[in-house]
Amino acid sequence: MQTLINIDNGGTLTDICVWDGSGFTFTKTLTTPHDLSECLFTGIEKASEAVYGEADITRLLHATEHIRYSTTQGTNALVQRRGPMIGILTTLAGLDGDMTRAAAEQKLFTGLVADRFLSIDPVSDDETFEFDAVQQINRLTTLGAARVVVAGSSPQEEHRLRHVLLRKFPRHLLGSVPFIYSWELAGDRDDARRVWSCVVNAFLHPTMERFLYSAERRLQAYKVVNPLLVYRNDGASSRVAKSIALKTYSSGPRGGLEGTAALAKVYGLAHALMMDIGGTTTDVGVVRDGTVAVADRGGIEGVRISYPMSDVRSEGVGGSSVIQIVDGSITVGPQSVGAAPGPACFGFGGKQATITDVNLLLGILDPDTYLDGTFTLDPSRSRTVITETIAEPLGISLEEALIRMEQAYFQALSAAFAPLVTEDTTLLAFGGAGPMSATGAARLAGITRVLIPRTAAVFSAFGISFSDIGKTYEVIVPESTTGSALMTHDALLARAERDMFQEGYSLDGCHQSWQLLVESLDEATTSHLPYRPGDEVDYPGSVVSLRLTVAATLSHPDLADNSAVEADAAPAAGRRTVRSAADAVDEVPVHVLDELRPGHRGEGPAIVEGPFFTARVMPGWSFQVTRAGDLMLTDNI
């Protein structure tokens, strides 16, 4: 088989994981927010050097069957509210109330829409309807709306608005504002869910569009034939031109969940809880019995949308999250310094403290081995920033500030996943900062077993390796009859055939899965039923939808089993001074994971240096290297 490149672009670091059919090669590079395509190609070049022994980006690209790309840019943009102002024009009475019933909805509505919500009367005569539509659009743009969601009670009502708006606001004019019609994006009978889907999609679209098409243009310069694939939050991938911005939200965490599911099967974990700590966010999700939990109607910051999504919670706690004093207390996030300027120790001008600065001064991080020695950290800058922003305002020593900041970080992490913990939970900790903080946060939440994959530093990119090229469609059956369902089936089949052809695959060679979704209007429940063409469809009092999932299968990695290995003491490569309290330091052993073999074990306190990550084994914890080369940690207290 040809090579598959899997990329996970985060707010601070970008991860590249290459599968050649027999094994993984992976690397990391700093994210370049000014031009995301720069870090993409820098990462691919570094990966080519790791694969071939010398940098040869052209050779690697020409040997590659597909590049699957995931990014947290959408998630980070939404968390930090970096995006265009959104306006809503609607004919639906009371829509603003329906969209803001819960506190989470009110918060997101204020952040994305605010006062840019206007309505018109759908039953007015044509002249009045047209005049009001033009006036309200002009008012929305005056209020700052850069994109407008148009929401009607039916596709026909939106078509009426489209007819007016295209004539009065032609697309070819400079400064024209894009209109997003809600029924085009999602055929969902729930008005609030459908419009929320459009609002979030409109907010994410410009960021994703600029970068992805820029990346495609750069790939064309290398005469790459196969297209760039966007990895989505439903676990499948598709071409850039066939992707929806909304489905890139939380796509990186979905990769982490797929990787978690793969390891849960290998290790026989009934309840695997992932903790993916990136630069800006910590993403938390659950895999039960080897299966990723998926909601029919996904949630974004507590707001329901029309599309299925894995149940991932993103909290503004990351390796580059700002640690500061608010009302006399130490707080963590949600603001992040990202990769530019980055943590103070990066030396790019950062003036705010992060957990990366804390771990450097505590002695957990070695300034000369960060990112496998490809990047040197500056402790003096961390010392200056933490002294000025934390220690001096609180009137405490630098050493006491470090301990308090670490505990505040542990508590923030623990709060992110503690409600999901059960008696048989195993925490999978990954991402750049996950292994450093896992044991401290796990103990606070009552978790006694932590699994740190050898690929922890690039684990979401590793999880993308299990992705196929696919599409999911969901359409309301107009009438609850066998004939209506059959017509919907035929229309979906034709649409899927066209889309998969554009992806480069024949529908005949793809796996197809059909379901009837029967949504009860009275009980607010949804039943999933298998469907075959011609099946009887008669469900009074319900909304019936037909869902089609199509997948062109790609090759997936084979993982090592978890058979028993003989235990032996892990050799230490050296020792490191680590501060354990304001007035105490310990000399702890440092183990290098690549120099350990399956079965090697050790006791905390200890440090394990893995490929592009540092794992901290707190006092009372022990670790053992598994047959696959992963770290299994156990709390013995």
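The sequence shown stops at residue 637 when you use the UniProt record's numbering, and every number in between is there. From the three backbone atoms N, C-alpha and C, an ideal C-beta is built for every residue, glycine too. Only a predicted model underlies this, so the values are computations on that prediction, with no experimental measurement involved.
query, result
"Rounded to a whole number of angstroms, what is the C-alpha to C-alpha distance between Val224 and Ala215?", "12 Å"
"Could you tell me the alpha carbon to alpha carbon distance between Tyr473 and Leu161, rounded to whole angstroms?", "25 Å"
"What does Val616 pair with, by DSSP beta-bridge criteria?", "It should be pointed out that residue 616 corresponds to Arg in this sequence rather than to Val. Arg616 pairs with Ile607."
"Looking at the structure shown, is Val51 part of a helix, part of a strand, or coil, going by DSSP?", "helix"
"Is the region 396-403 touching the region 245-257 in the sense that three or more CB pairs, one from each, lie closer than 8 Å?", "no"
"Which first and last residues belong to the alpha helix (DSSP H) in which Val266 is found?", "Ser251 to Tyr267"
"What does a CB cutoff of less than 7 Å around Asp522 pick up in its chain, not counting 5 residues either side in sequence?", "Gly541"
"In the structure shown, what three-state DSSP assignment does Met405 receive?", "helix"
"If you follow the alpha helix (DSSP H) that Asn76 is in, where does it begin and where does it stop?", "Gln73 to Val79"
"Leaving out five residues on either side along the sequence, give the residues of the same chain with a beta carbon under 6 Å from the beta carbon of Gln335.", "Val322"
"According to DSSP, is His34 helix, strand or coil?", "coil"
"Looking only at its own chain, which residues have a Cβ that is under 6 Å from the Cβ of Ala442, when we skip the five neighbours before and after it?", "Leu427 and Val450"
"Going by CA-CA distance only, name the one from Pro341, Gly319 and Phe346 that's closest to Gly333.", "Gly319"
"Measure the alpha-carbon distance for Ala433 versus Tyr370 and round it to whole angstroms.", "12 Å"
"For the putative contact between Ala457 and Lys28, defined by C-beta atoms under 8 Å, what is the C-beta separation to the nearest angstrom?", "6 Å"
"Go ahead and pull the three-state DSSP assignment for Ser467.", "coil"
"For a quick check, are the C-beta atoms of Ala186 and Tyr307 less than 8 Å apart?", "yes"
"When the Cα atoms are used, what is the spatial distance from Asp468 to Asn6?", "12 Å"
"Measuring alpha carbon to alpha carbon, tell me which of Val617, Asn201 and Ser465 ends up nearest Gly604.", "Val617"
"How big is the Cα-Cα spacing for Leu228 and Glu65?", "10 Å"
"Mind reading off the beta-carbon distance from Ala567 to Gly602? Whole number of angstroms is fine, and I expect it under 8 Å.", "Going by Cβ atoms, the distance from Ala567 to Gly602 rounds to 11 Å, so no, they are not a contact pair."
"Per DSSP, His66 forms a beta bridge with which residues?", "Leu4"
"Closer than 6 Å by C-beta to Gly144: which residues in its own chain qualify, once you throw out the five before and the five after it? Chain order, please.", "Met85"
"Could you tell me the alpha carbon to alpha carbon distance between Gly74 and Leu112, rounded to whole angstroms?", "14 Å"
"Going by alpha carbons, who is nearest to Pro33 out of Thr12, Phe26, Val51 and Ile16?", "Thr12"
"Is the separation between the beta-carbon of Asp630 and that of Pro453 shorter than 8 Å?", "yes"
"Helix, strand or coil for Leu516, going by three-state DSSP, please let me know.", "strand"
"Which term fits Gln624, buried or exposed, when burial requires 16 or more other beta carbons within 10 angstroms of its beta carbon?", "buried"
"Specify, as a first and last residue, the run of the alpha helix (DSSP H) that Pro435 falls within.", "Gly434 to Ala445"
"Do Ala261 and Gly299 count as a contact pair if the criterion is CB distance below 8 Å?", "no"
"What three-state label does DSSP hand His172 in the structure shown?", "coil"
"Shortest alpha-carbon distance to Phe41 belongs to which of Glu158, Val123 and Arg217?", "Arg217"
"Per DSSP, which one or two residues make a beta bridge with Phe390?", "Sequence check: residue 390 is Ile here, not Phe. Answer by DSSP bridge pairing: none, since Ile390 is not bridged."
"By a C-beta neighbour count over all protein chains shown, 10 Å radius and 16 as the cutoff for buried, is Lys168 buried or exposed?", "exposed"
"Taking its Cβ as the centre, do 16 or more other Cβ atoms sit within 10 Å of Leu559, making it buried, or is it exposed?", "exposed"
"Going by C-alpha to C-alpha distance, which of Val149, Gln352 and Ala461 sits closest to Glu258?", "Ala461"
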